[in-house]
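Enquirer: Submitted below is the structure of interest, expressed as structure tokens.
Residue numbers (this note's numbering), protein chains in the order written: chain W, 750 to 797; chain D, -6 to 150.
Listed below in structure tokens is the structure:
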């Protein structure tokens, strides 16, 4: 059981190192642009 | 026999020496991608802070503007890395890599520090504070890979 837990921990650590969830700077800019516009809408609708 | 071993050692050293820049270019790309991921988490965090009324519209706008500037710097860095790879192939000269890392620290990391400092000023605690600390730690780790951890830590203190 302990070995399995250690393996799971190791897998988690390895998972953190990989860049599977990495985003591009272009996506960051698009996200930041959306954030910048938030609260400036004429009608405050569509907040998700 | 001794000469053969010396030759083999020399060849091995040369191979390692030429392989190093390619590894560094990969490190530059990987660090940039990681920083982009943390920046995106920072944008999402700012949105949550704004929606939860922890920060006002003006503060949200200021931080969003900072993230936009940071994202443009990140794109410029990635483009510079791609151009270096296109020009030199896998064996990018060490001085070019040194310049790239200099740009990374001066443009991307420094801009991220500015945005993080603005977020820290919001004085939020609980989950939001924990996320800010996590992002801060991640940025420090990445800056540490370039030997700039102490400088960045001082800016964020």
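Every residue, glycine too, gets a C-beta built ideally from N, C-alpha and C.
When DSSP labels each residue in this structure, what does residue 96/D get in the three-state scheme?
Expert: helix
Enquirer: Please list the residues of the stretch 50 to 84 of chain D that have a C-beta atom closer than 7 angstroms to any C-beta atom in chain W, keeping them in chain order.
Expert: 50, 53, 54, 57, 58, 60, 61, 64, 65, 67, 68, 71
Enquirer: Taking the C-alpha atoms as reference points, what is the distance between residue 126/D and residue 22/D?
Expert: 24 angstroms
Enquirer: Under a CB-based cut-off of 8 angstroms, is residue 11/D close to chain W?
Expert: With a pLDDT of only 37 at residue 11/D, under 50, the local geometry of the prediction cannot be trusted, and the value read off the model is given with reservation. No - not a single Cβ of chain W is within 8 angstroms of the one on residue 11/D.
Enquirer: Taking residue 110/D as the reference, give the member of 29/D, 37/D, 60/D with the closest Cα.
Expert: 60/D
Enquirer: Quick test of your reading: residue 100/D and residue 51/D, contact by CB under 8 angstroms. State the CB separation rounded to the nearest angstrom.
Expert: The pair is not a contact, with the Cβ atoms about 26 angstroms apart (cut-off 8 angstroms).
Enquirer: What does the Cβ neighbour count give for residue 135/D, buried or exposed, with the cut at 16 atoms within 10 Å?
Expert: buried
Enquirer: Quick one, which of 74/D, 27/D, 132/D has its alpha-carbon nearest residue 106/D's?
Expert: 132/D
Enquirer: By the criterion of Cβ-Cβ separation under 8 angstroms, what are the contact partners of residue 790/W in chain D?
Expert: Against residue 790/W, chain D offers no close residue; the least beta-carbon distance is about 12 angstroms (beta-carbon pairs closer than 8 angstroms).
Enquirer: In terms of residue numbering, what span does the alpha helix (DSSP H) encompassing residue 48/D cover?
Expert: Careful: residue 48/D lies outside any alpha helix (DSSP H) and carries neither H nor E.
Enquirer: So, is the C-beta of residue 151/D closer than 8 angstroms to a C-beta in chain W?
Expert: Here chain D comprises residues numbered -6 to 150, so residue 151/D is not present and cannot be evaluated.
Enquirer: What is the C-beta distance between residue 784/W and residue 44/D, in whole angstroms, given that I count them as a contact (C-beta under 8 angstroms)?
Expert: With a beta-carbon spacing of about 10 angstroms, residue 784/W and residue 44/D fall beyond the 8 angstroms limit used to define contacts.
Enquirer: Nearest-angstrom Cα distance between residue 34/D and residue 781/W?
Expert: 11 angstroms
Enquirer: Less than 7 angstroms between the CB of residue 776/W and some heavy atom of the ligand FAD, yes or no?
Expert: With respect to small molecules bound, the structure shown includes none, and the ligand FAD cannot be examined in it.
Enquirer: Which residues, taken in chain order from the stretch 19 to 48 of chain D, show a beta carbon closer than 8 angstroms to some beta carbon of chain W?
Expert: 23, 25, 26, 27, 29, 30, 32, 33, 36, 37, 39, 40, 43, 44
Enquirer: If you run the structure through DSSP and keep just helix, strand and coil, what is residue 115/D?
Expert: Of the three classes helix, strand and coil, the one that applies to residue 115/D here is coil, per DSSP.
Enquirer: Report the option in 104/D, 130/D, 18/D, 129/D whose CA atom is closest to the CA atom of residue 67/D.
Expert: 104/D
Enquirer: Taking only three categories from DSSP, how would you classify residue 71/D?
Expert: helix
Enquirer: Taking the straight line between their C-alpha atoms, what separation do you get for residue 55/D and residue 76/D?
Expert: If I take the Cα positions, the gap works out to 32 angstroms.
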